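Asks: The structure's right below; bear with me while I get my questions together.
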Amino acid sequence: MCAGALAWAQLGRLVYAASDPKRGYSLITDRILHPKTEVSAGILATEAGKLLKDFFASKR
1 MCAGALAWAQ LGRLVYAASD PKRGYSLITD RILHPKTEVS AGILATEAGK
51 LLKDFFASKR
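For the sequence shown, this note's numbering begins at 1 and goes up steadily by one.
In structure tokens, the structure reads:
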């Protein structure tokens, strides 16, 4: 995801499922989002993670 675009959009809420600890954006180490942006993480994380893994496995 493009963190800069999220900051400029000043979203009220950001919802995402699957995190990428190796290459993903870190909300903990960098506070680029608008201060009022509410973040909901891990929604259907298991299912989303499987979709991502299957997608990239099919590309190899």
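Every residue, glycine too, gets a C-beta built ideally from N, C-alpha and C. None of the values given here were measured: they were computed from a predicted structure.
Secondary structure at L14, three-state DSSP: helix, strand or coil?
Replies: Strand, per DSSP.
Asks: Could you pull out every unbroken beta strand (DSSP E) segment of at least 3 residues lying fully inside the segment 25-55, listed in chain order?
Replies: 38-41, all fully within the segment 25-55.
Asks: Cα-Cα, which of A17, C2, S19 is closest to L11?
Replies: Nearest C-alpha to L11: C2.
Asks: Could you work out which residue in I32, A18, R23 is closest to W8 when comparing CA atoms only?
Replies: It is I32 whose Cα lies nearest to the Cα of W8.
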